Amino acid sequence: MPSRKQLANAIRALSMDAVQQAKSGHPGAPMGMADIAEVLWRDYLKHNPENPNWADRDRFVLSNGHGSMLIYSLLHLSGYALSMDDLKQFRQLHSKTPGHPEFGYAPGVETTTGPLGQGITNAVGMALAEKALAAQFNQPGFDLIDHYTYVFLGDGCLMEGISHEACSLAGTLGLGKLIAFWDDNGISIDGHVEGWFTDNTPARFEAYGWHVVANVDGHDADAVKAAIEQARSVTDKPTLICCKTVIGYGSPNKGGSHDCHGAPLGDVEIAAAREFLQWPYAPFEIPADIYAEWDAKASGAVREAQWQALFAAYAAAHPELAAEFSRRTAGELPANWAEQSQAYIEKLQATPATIASRKASQNTLNAFGPILPEFMGGSADLAGSNLTIWSGSKPLTHEDASGNYVYYGVREFGMSAIMNGIALHGGFVPYGATFLMFVEYARNAVRMAALMKQRVIFVYTHDSIGLGEDGPTHQPVEQLASLRVTPNLMNWRPCDQVESAVAWQQAIERTTGPSTLIFTRQNLVQQARDAQQLADIKRGGYVLLDSEGVPELIIIATGSEVELAMQAAKQLHAAGKAVRVVSMPSTDVFEQQDAAYRAAVLPSHVTKRIAVEAGITDGWYKYVGLDGKVIGMTTFGESAPAEQLFAYFGITTEKVLEAAHELLA
202 MPSRKQLANA IRALSMDAVQ QAKSGHPGAP MGMADIAEVL WRDYLKHNPE
252 NPNWADRDRF VLSNGHGSML IYSLLHLSGY ALSMDDLKQF RQLHSKTPGH
302 PEFGYAPGVE TTTGPLGQGI TNAVGMALAE KALAAQFNQP GFDLIDHYTY
352 VFLGDGCLME GISHEACSLA GTLGLGKLIA FWDDNGISID GHVEGWFTDN
402 TPARFEAYGW HVVANVDGHD ADAVKAAIEQ ARSVTDKPTL ICCKTVIGYG
452 SPNKGGSHDC HGAPLGDVEI AAAREFLQWP YAPFEIPADI YAEWDAKASG
502 AVREAQWQAL FAAYAAAHPE LAAEFSRRTA GELPANWAEQ SQAYIEKLQA
552 TPATIASRKA SQNTLNAFGP ILPEFMGGSA DLAGSNLTIW SGSKPLTHED
602 ASGNYVYYGV REFGMSAIMN GIALHGGFVP YGATFLMFVE YARNAVRMAA
652 LMKQRVIFVY THDSIGLGED GPTHQPVEQL ASLRVTPNLM NWRPCDQVES
702 AVAWQQAIER TTGPSTLIFT RQNLVQQARD AQQLADIKRG GYVLLDSEGV
752 PELIIIATGS EVELAMQAAK QLHAAGKAVR VVSMPSTDVF EQQDAAYRAA
802 VLPSHVTKRI AVEAGITDGW YKYVGLDGKV IGMTTFGESA PAEQLFAYFG
852 ITTEKVLEAA HELLA
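Count along the sequence shown from 1, then add 201; that gives the number in our numbering.
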């Protein structure tokens, strides 16, 4: 029977061979963490390679995602549908084994990692989801949800600020089934980290409220096993296992240095490593007895079958809960969702109100929340301003995880990446809020949600200079434009309470990626609509006001500026001008409509166009042409009451009229 060291060496061999064949990659981390991975995956990880989506599987996250050959080797050896040919295609176009682990490429990859610090933060979200789902569904005698989240991370993850945000909150919430392994090898890209990373990491995590297992020899299987046992015995705190390792272990001349961090070892050094590791096999050759020891298909099938039997008994005892669990973990919306959400929208249109869209958002949450037990809300210490708490909100706490609202504290980046982890885990539709300005702190997590195609709802309030006196530090100007150029991100900036409700509806229904909902602080007048206009809101852009004949001018607007466009258009109508107003709450959704619809809303023969939005103007020339007019911002804001700012920056009805008269002259 192969020894533990030989089983770990299979990871090392596959990793150095794949990196060498690709002529790029990171062999150091996989070779250094192979012994830890062997113990975790063979002795503890609860998973079924033949069903990577089993709801009660343990989650494994490789936060130091540059070491991707570690997870690819583990998946291949364990029996997932990841072949040796897939490993040979490491880092090649359209392979299942890209340079960093990408969610949706290889089965068993739980999240996309690579931007350091986000993997551990996703893992916090997964552990939070596990704890909440267990609190909501487990019953006496039926521990339906009972799994761990394991995460590997390195010095780089710990240096990233997001790790502080996420790990602090994990300690506060007592996420006892989160176990992290720190690859304490003392090396990063620039060399020995003692020149730039001398934190007392164990003390730091103890201060967060974590259980810490210090000074574990990461190359001693018995020591690793004892550390995991200790971690699993502590149920009220997450655990950090501090593993001392040698980066590139097995490489006689490059191990222990940054030389093996991010480059192939080279043929000569690989030959030396094979001799050192006593691995006499050819590249990409794994002996049958090692495959047999690694194969987890049979044990995984048994474990899942046991769980399925438990679920069957659970369904007999608690049929309604079982049906709800199945629905939520499948990501399906309630059967009455479409009818009830649409009824609420139609009711709003029939009962006009002039309110801020952030308040309209809260009203919508009060209407939709009771229909959606899968909601998991939150705010980055701005609940009273973002208005994300609704009547059924219940805080999720250390003591009671059955809640549906997370107080994230001032952690915009951490909140966003935690929400990604919640969505990836399944069973919840997460939403979280901050001011639009502070998307700047969270940008990369928003991008990752779009990259991973996750249903995450980012709520951003105080959407323009309209927030007023807090001034340019808090007034978003360029943020809308930058969000709109992010692939697979649906951005909504509604003009009244009706469009706000539709934006929520569409974000909730969207299963192929995240959405941003961008709301005002100031009150917005509700616009009149007929049934067709109401139905067309969900198409992203629609004709809100039209001329009797063929329009000679089109005014496009979003959010609070729709009111300015409407006021100007009505005055132009009175003067005998044929003017159309297009409300475009989502340029992203509008662009997805068929060409005929887009041409009907913005006919190409009408070349005289104006766009109005209290943000950077650049993106609007796509719609108005280089000869069109865009009324918006070209500078940062100022500190003053909102009405003074709109006048000062020329975002007014009068300026719209001036532009119209110039174009129609």
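By construction, the Cβ of each residue, glycine as well, lies at the ideal position given by its N, Cα and C atoms.
No experiment lies behind these values; they were computed from the predicted model shown.
(message) Quick check: the Cα distance between Gln319 and Lys297, rounded to an integer number of angstroms?
(response) In the sequence shown, residue 319 corresponds to position 118, counting from 1. In the sequence shown, residue 297 corresponds to position 96, counting from 1. Their Cα atoms are separated by approximately 21 Å.
(message) Please classify Ala539 as buried or exposed, where buried requires at least 16 other C-beta atoms within 10 Å of its C-beta.
(response) For this step, residue 539 is matched to residue 338 along the sequence shown. Taking every protein chain shown into account, the CB of Ala539 has fewer than 16 other CB atoms within 10 angstroms, so this residue is exposed.
(message) Taking only three categories from DSSP, how would you classify Glu251?
(response) For the purposes of this step, residue 251 is taken as the residue at position 50 of the sequence shown. DSSP places Glu251 in coil when its eight states are reduced to three.
(request) Buried or exposed for Ile390, please, with buried defined as at least 16 other CB atoms from any protein chain shown within 10 angstroms of its CB. (result) If you number the sequence shown from 1, residue 390 lands on position 189. Looking at its Cβ environment, which holds fewer than 16 other Cβ atoms inside 10 Å, Ile390 is exposed.
(request) Label Gly342 either buried or exposed according to how many other C-beta atoms from any shown protein chain fall within 10 Å of its C-beta, with 16 as the threshold for buried. (result) Position 141 of the sequence shown holds residue 342. Gly342 should be labelled exposed.
(request) Count the other C-beta atoms from every protein chain shown that fall within 10 angstroms of the C-beta of Ala186, then say buried if there are 16 or more, exposed otherwise. (result) The question about residue 186 has no answer, for the chain in this structure spans 202 to 866.
(message) Let me make sure I understand the geometry here. Which of His774, His599 and Pro250 has the alpha-carbon closest to that of Val503?
(response) Locating residue 503 in the sequence shown gives position 302, where the first residue counts as 1. For Val503, the closest C-alpha among the options His774, His599 and Pro250 is that of Pro250.
(message) Here's the rule I'm using: 16 or more other beta-carbon atoms within 10 Å means buried, otherwise exposed. How should Met767 be labelled?
(response) Working through the sequence shown from its first residue, we reach residue 767 at position 566. Around the beta carbon of Met767, 16 or more other beta carbons lie within 10 angstroms, which makes this residue buried.
(request) Using the Cα positions of Thr399 and Arg405, report the straight-line distance between them to the nearest angstrom. (result) Position 198 of the sequence shown, counted from the start, is the residue given in the question as residue 399. Position 204 of the sequence shown, counted from the start, is the residue given in the question as residue 405. Thr399 and Arg405 have their C-alpha atoms spaced approximately 12 Å apart.
(request) Tell whether a beta-carbon distance below 9 Å holds between Thr314 and His301. (result) In the sequence shown, residue 314 corresponds to position 113, counting from 1. In the sequence shown, residue 301 corresponds to position 100, counting from 1. Their beta carbons are under 9 Å apart, which means Thr314 touches His301 by this criterion.
(message) For Pro792, count the other beta carbons within 10 Å of its own beta carbon; 16 or more makes it buried, fewer makes it exposed. Which is it?
(response) Here the question's residue 792 lines up with position 591 in the sequence shown. Rather than Pro, the amino acid found at residue 792 in this sequence is Glu. It is exposed - the Cβ of Glu792 has fewer than 16 other Cβ atoms within 10 Å.
(request) Tell me whether Arg631 sits in a helix, a strand or coil according to DSSP, three-state version. (result) For this step, residue 631 is matched to residue 430 along the sequence shown. Residue 631 is actually Pro in this sequence, not Arg. Reduced to three states, the DSSP call for Pro631 is strand.
(request) Report all residues from its chain with a CB closer than 6 Å to the CB of His267; omit the five preceding and five following residues, and keep chain order. (result) Here residue 267 refers to the residue found at position 66 when the sequence shown is read from its first residue. Cβ within range, chain order: His227.
(request) Give me the Cβ distance between Leu359 and Ala371, rounded to the nearest whole Å; I'm assuming they're in contact under 8 Å. (result) For this step, residue 359 is matched to residue 158 along the sequence shown. For this step, residue 371 is matched to residue 170 along the sequence shown. 14 Å between Cβ atoms; not a contact.
(message) With a threshold of 8 Å, are at least 3 pairs of Cβ atoms found where one atom belongs to the region 577-586 and the other to the region 734-743?
(response) With contact defined as three or more Cβ pairs closer than 8 Å, the region 577-586 and the region 734-743 are not in contact.
(request) Let me know the secondary structure DSSP gives Asp356 once reduced to three states. (result) Counting from 1 along the sequence shown, the entry for residue 356 is found at position 155. If DSSP states are grouped into helix, strand and coil, Asp356 belongs with the helices.
(message) Rounded to the nearest angstrom, what separates Asp873 and Ile572 at their Cα positions?
(response) The first residue shown for the chain is 202 and the last is 866, placing residue 873 beyond what the model contains.
(request) Pick out whichever of Glu859, Gln221, Asn416 and Gln509 has its Cα sitting closest to the Cα of Asn252. (result) Counting from one through the sequence shown, the residue named residue 252 turns up at place 51. Considering only alpha carbons, the answer is Gln509.
(request) Count the other CB atoms, across all protein chains shown, that sit within 10 Å of the CB of Ser434; report buried if there are 16 or more and exposed otherwise. (result) The sequence position of residue 434 within the sequence shown is 233, counting from 1. A residue is called buried once 16 or more other Cβ atoms fall within 10 Å of its Cβ, and Ser434, having fewer, is exposed.
(request) Could you pull out every residue in the same chain whose Cβ sits closer than 6 Å to the Cβ of Ala561, ignoring the five residues on either side in sequence? (result) In the sequence shown, the residue the question calls residue 561 occupies position 360. Cβ contact annotation for Ala561 (same chain, cutoff 6 Å, sequence separation greater than five): Gln698 and Ser701, in chain order.
(request) Would you mind stating whether Gly714 and Ala651 have Cβ atoms separated by less than 9 Å? (result) What you label residue 714 is simply residue 513 of the sequence shown in a count that begins at 1. What you label residue 651 is simply residue 450 of the sequence shown in a count that begins at 1. Contact flag set, yes.
(message) Per DSSP, what are the beta-bridge partners of Ile556 in this structure?
(response) In the sequence shown, the residue the question calls residue 556 occupies position 355. Per DSSP, Leu725.
(message) In whole angstroms, give me the CA-to-CA distance for Ile719 and Asp356.
(response) Along the sequence shown, read from residue 1 onward, the residue named residue 719 stands at position 518. Along the sequence shown, read from residue 1 onward, the residue named residue 356 stands at position 155. Going from the Cα of Ile719 to the Cα of Asp356 covers about 36 Å.
(request) Starting from the Cα of Ala381, find the closest Cα among Thr350, Gly375, Ala602 and Asp828 and give me that residue. (result) In the sequence shown, residue 381 corresponds to position 180, counting from 1. For Ala381, the closest C-alpha among the options Thr350, Gly375, Ala602 and Asp828 is that of Thr350.
(request) Using the Cα positions of Arg781 and Pro695, report the straight-line distance between them to the nearest angstrom. (result) Position 580 of the sequence shown, counting from 1, holds the residue named residue 781. Position 494 of the sequence shown, counting from 1, holds the residue named residue 695. About 18 Å.
(message) Which same chain residues end up closer than 6 Å to Ile666 when comparing Cβ atoms and leaving out the 5 residues on each side of it in sequence?
(response) Taking the first residue of the sequence shown as 1, we reach residue 666 at position 465. Excluding its 5 nearest sequence neighbours in each direction, Ile666 has C-beta neighbours in its own chain below 6 Å: Gln676, Ala815, Gly838 and Leu846, listed in chain order.
(request) Would you identify the three-state DSSP class for Gln431, choosing helix, strand or coil? (result) If you number the sequence shown from 1, residue 431 lands on position 230. Residue state, collapsed to three classes: helix.
(request) Jot down the residue ranges of each uninterrupted beta strand (DSSP E) in the region 787-834, minimum 3 residues, whole runs only, in chain order. (result) Every beta strand (DSSP E) of 3 residues or more that sits fully in the region 787-834 is shown, in chain order, as 810-817 and 830-834.
(request) Report yes if the C-beta distance between Thr635 and Met616 is below 9 Å; otherwise report no. (result) Here residue 635 corresponds to residue number 434 of the sequence shown, with the count starting at 1. Here residue 616 corresponds to residue number 415 of the sequence shown, with the count starting at 1. In this structure, Thr635 places its C-beta atom within 9 Å of the C-beta atom of Met616.
(request) Please go through the same chain and pick out, in chain order, the residues whose beta-carbon is closer than 6 Å to the beta-carbon of His610, but skip the five residues on each side of it. (result) Translated into positions along the sequence shown, residue 610 becomes position 409. Looking at the sequence provided, one finds Gly at residue 610 rather than His. Around Gly610, the same chain offers Asp582 as residues with beta carbons nearer than 6 Å, after the five sequence neighbours per side are excluded.
(message) On the CB-based measure, 16 or more other CB atoms within 10 Å of its CB, does Leu754 come out buried or exposed?
(response) Here residue 754 is taken as the residue at index 553 of the sequence shown, counted from 1. With 16 or more other Cβ atoms within 10 Å, it is buried.
(message) According to DSSP, is Met202 part of a helix, a strand, or is it coil?
(response) Position 1 of the sequence shown, counting from 1, holds the residue named residue 202. In the structure shown, Met202 sits in coil (DSSP, three-state: anything other than H, G, I, E or B).
(message) Just list the residues that DSSP pairs Lys445 with in beta bridges.
(response) By 1-based counting over the sequence shown, the position of residue 445 is 244. Looking at the DSSP output, Lys445 bridges to Asp385 and Asp418.
(request) Out of Ala324, Arg205 and Gly305, point me to the one whose CA is closest to Val425's CA. (result) Position 224 of the sequence shown, counting from 1, holds the residue named residue 425. Closest by alpha carbon: Arg205.
(message) Can you tell me whether Leu745 is buried or exposed? The criterion is at least 16 other CB atoms within 10 Å of its CB, across all chains shown.
(response) The sequence position of residue 745 within the sequence shown is 544, counting from 1. Leu745 is buried by the Cβ-count criterion.
(request) Leaving out five residues on either side along the sequence, give the residues of the same chain with a beta carbon under 6 Å from the beta carbon of Ala235. (result) The residue given as residue 235 occupies position 34 in the sequence shown. Excluding residues within five positions, the ones whose Cβ falls inside 6 Å are Ala209, Ile212 and Arg213.
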